[in-house]
Amino acid sequence: MRQLQKKIKSGTLNIKDDDPFELFIAATNIRYCYYNETHKILGNTFGMCVLQDFEALTPNLLARTVETVEGGGIVVILLRTMNSLKQLYTMTMDVHSRYRTEAHQDVVGRFNEREYIQYVEDRLRPQDLELKELKESLQDTQPVGVLVDGCKTLDQAKAVLKFIEAISEKTLRSTVALTAARGRGKSAALGLAIAGAVAFG
């Protein structure tokens with residue numbers, strides 16, 4: 001960044017001669033982080049995340065790093081040694097060596113296979129159809145229709161409906177608890193429910 005600013009001030013910056021990639025690197029604030037330091041970036045938000053060394057990636061690391069990307073952001077996974085996605089789920093990763101024992105030498109990477117299936121499977125799932133039908137049925141019911149329309153999954157929509165059901169009672173006698181794995185949209189569902197609470201007064 002400083003080199004680029006010096007060139008701009010001195011008038012020696014030549015966009016045609018200078019490498020565009022080098023200009024991008026110099027002009028952009030990039031946060032480099034090793035996988036073992038990913039706990040330091042939790043709570044931050046970035047527009048783009050580039051993950052290198054896929055062999056060293058674990059499901060927790062993937063979830064932790066992808067969570068830092070803002071909505072509409074980009075996640076890039078560099079697969080330098082891959083010629084096809086089929087190689088992805090047969091690949092031996094660093095994390096597999098941790099689980100090898102004398103009795104069990106072969107470790108099967110189920111995470112990779114599920115990840116591969118997720119990339120390949122692009123047809124509409126039954127849950128997506130059910131979510132679409134739910135959104136259409138509640139379209140005329142306000143403010144519930146707008147709130148459910150903001151949901152991305154069927155489970156999230158059901159959670160929002162349950163929250164709104166408890167809110168609309170106004171008795172303060174019901175308690176709703178929401179638990180799910182990381183990255184399932186709990187915070188988003190809670191935010192939509194709060195918007196519903198404001199609408200109901």
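For the sequence shown, full-length UniProt numbering gives the first residue as 1, with consecutive numbering after it. Every residue, glycine too, gets a C-beta built ideally from N, C-alpha and C.
Residue i to residue j span [Cα, whole Å]
| i | j | result |
| --- | --- | --- |
| Pro-126 | Ala-189 | 21 Å |
| Gly-72 | Lys-9 | 34 Å |
| Ala-56 | Tyr-32 | 16 Å |
| Thr-175 | Glu-22 | 55 Å |
| Ile-30 | Leu-138 | 44 Å |
| Lys-152 | Glu-136 | 14 Å |
| Thr-12 | Phe-24 | 17 Å |
| Phe-46 | Glu-102 | 43 Å |
| Thr-141 | Asn-60 | 39 Å |
| Thr-58 | Asn-36 | 11 Å |
| Tyr-34 | Gln-156 | 33 Å |
| Gly-185 | Phe-200 | 22 Å |
| Leu-172 | Thr-179 | 20 Å |
| Ala-27 | Lys-6 | 12 Å |
| Ala-177 | Pro-20 | 51 Å |
| Asp-128 | Leu-79 | 30 Å |
| Phe-54 | Ala-181 | 23 Å |
| Ala-193 | Lys-158 | 11 Å |
7 Å Cβ cutoff met for residue i and residue j
| i | j | result |
| --- | --- | --- |
| Leu-154 | Glu-133 | no |
| Met-48 | Ile-77 | no |
| Val-146 | Ile-164 | no |
| Ala-63 | Gly-191 | no |
| Ile-167 | Ala-197 | yes |
Distance cut-off 6 Å: residue i Cβ against heavy atoms of the ligand FMN
| i | result |
| --- | --- |
| Ala-63 | You won't find the ligand FMN in this model; it holds no ligand whatsoever. |
Under the three-state DSSP convention, the category residue i falls into
| i | result |
| --- | --- |
| Ile-30 | coil |
| Gly-47 | strand |
| Val-146 | helix |
| Gly-191 | helix |
| Val-176 | coil |
| Gly-196 | helix |
| Glu-102 | coil |
| Glu-70 | strand |
Where residue i falls, given that 16 or more other Cβ within 10 Å makes a residue buried
| i | result |
| --- | --- |
| Val-148 | buried |
| Val-160 | buried |
| Ser-187 | exposed |
Are at least three pairs of beta-carbons, each pair with one atom in the region 32-48 and one in the region 65-80, less than 8 Å apart? yes
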